[in-house]
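To start, the structure itself, in structure tokens.
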Amino acid sequence: MTATIAAAQTAGRVISDKYRPQYPDDLPALERALRGALSGTSDTVVAYEQALAAWFGAAEAIAVSSGGAAVSVALFAAGVQPGDDVLLTPSCPLCTVYPIIAAGANPVFVDTREHGFGADPDSVRERATPEPRR
25 MTATIAAAQT
35 AGRVISDKYR
45 PQYPDDLPAL
55 ERALRGALSG
65 TSDTVVAYEQ
75 ALAAWFGAAE
85 AIAVSSGGAA
95 VSVALFAAGV
105 QPGDDVLLTP
115 SCPLCTVYPI
125 IAAGANPVFV
135 DTREHGFGAD
145 PDSVRERATP
155 EPRR
């Protein structure tokens, strides 16, 4: 750590605001959300889901609380059943594996590409079952 950074941290100064964009309507929107119903069905969440669906050109969108919840929703939407195999890389976070196990499916790890974390296509072909679910 450089002396300048250390001095800035101990002085309580902001080192850089480069990654802290400010939007004039942020605080009022946050206040409305916090004063409203704190649930997954509040007006704020409904508006967010509608904006998200419009952004992606989808008929609907579902806002969830975490990546693990998103994986659970995706597994359900894909029709994954107990006993099904779900292919994934061993470099994925554990929150990806837990919903697969909770659904009664089998996590099947495939190799990653030589220079990255994406699934290696040859490994996927080797481990894919003959009758993939659609």
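Its first residue numbered 25, the sequence shown is counted upward by one per residue in my numbering. Glycine is no exception: its CB is placed at the ideal position from the N, C-alpha and C atoms.
What's the call for L99, buried or exposed, on a 16-neighbour Cβ count within 10 Å? Of the residues assessed, L99 falls on the buried side of the cut-off, its CB having 16 or more other CB atoms within 10 angstroms.
If you draw a straight line from the alpha carbon of G81 to that of T153, how long is it in whole angstroms? Annotation: G81 to T153 spans about 32 Å, alpha carbon to alpha carbon.
Straight-line gap, C119 to L51 (C-alpha atoms, nearest Å): Straight-line Cα distance between these residues: approximately 31 Å.
Can you say whether I124 is buried or exposed, counting buried as having 16 or more other CB atoms within 10 angstroms of its CB? buried
In terms of DSSP beta bridges, what is T136 paired with? A143
For the segment 97-117 and the segment 63-80, state whether three or more C-beta atom pairs, one from each stretch, are separated by less than 8 Å. no
Completely contained beta strand (DSSP E) runs for the segment 67-128, where each covers 3 or more residues: If only uninterrupted beta strand (DSSP E) runs of at least 3 residues are considered, those enclosed by the segment 67-128 are 109-112.
If distances are taken between C-alpha atoms only, which option among E84, Y72, D144 and V97 comes closest to A57? Taking each of E84, Y72, D144 and V97 in turn and checking the Cα distance to A57, the smallest one comes out for Y72.
Supposed contact pair A94 and T113 - C-beta distance, whole angstroms, cut 8 Å: That pair is no contact at about 17 Å.
Beta-carbon within less than 7 Å of P131's beta-carbon, same chain only, minus the 5 sequence neighbours each way: which residues are those? V110, L112, V121, I124 and I125
Length of the line joining the Cα atoms of E84 and V134: 31 Å
N-terminal and C-terminal residue of the alpha helix (DSSP H) that S52 is part of: Looking at the sequence shown, residue 52 is not Ser but Pro. D50 to R59 is the span of the alpha helix (DSSP H), which, as asked, contains P52.
Report buried or exposed for A53, applying the criterion of at least 16 other Cβ atoms within 10 angstroms of its Cβ. So A53 counts as exposed.
Quick one, are the C-beta atoms of A129 and V104 less than 8 Å apart? yes
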